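In this note's numbering, the protein residues as written are 268 to 427.
Laid out in structure tokens, this is it:
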């Protein structure tokens, strides 16, 4: 909701300025997507998020509540180069090779600014009985940007 603490944080200009400074982007805009601009990913025990790249150049997340067990954020930094050379490496990771895989410590309160478009990543299967709650705060270097209909359908089951 508009007045929620998370929405107020998302709309707080000093946060946008801070993230822009970290990314060395003088101008940063909030995503214009009504579904994906400011949301909470809810992971239930037994759930996971398979290996993937993000559509957006970077992602900003805030861990609200960690899983009781599992639910680890794992990634391979800067794997995608834009020339397609990563295909073999992606295949090896999907086949279970973990040499390049890193695990990000992710406790409640952790703010992550992450290059998800070029860094393959996943959330491992959750154990225990507690939900894993992660706020996603989406920004872009251009105004008026939204997620694709495909991404909206995948994450929210609808496009509007």
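Ideal Cβ positions, reconstructed from N, Cα and C, are used throughout, including at glycine. As the structure is a prediction and not an experimental result, all values here were calculated from the model.
Among all the DSSP beta bridges, which residues are the ones paired with residue 278? Per DSSP, none; premise fails for residue 278.
Taking the beta carbon of residue 362 as the centre, do at least 16 other beta carbons fall within 10 Å, making it buried, or is it exposed? Exposed, since its Cβ has fewer than 16 Cβ neighbours within 10 Å.
Considering only residues of the same chain and omitting the five flanking positions on each side of residue 426, which have a CB-CB separation below 7 angstroms? The beta carbon of residue 426 sits closer than 7 angstroms to those of 416, 419, 420, all from its chain and outside the five residues before and after it, given in chain order.
Residue of 407, 343, 280, 422 minimising C-alpha distance to residue 358: 343
So, do the stretch 379 to 390 and the stretch 318 to 335 have three or more beta carbon pairs nearer to each other than 8 angstroms? Result yes; three or more Cβ-Cβ pairs closer than 8 angstroms.
Mapping the DSSP letters down to three states, classify residue 258 as helix, strand or coil. A question about residue 258 goes unanswered here, because the residues of the chain that appear run from 268 up to 427.
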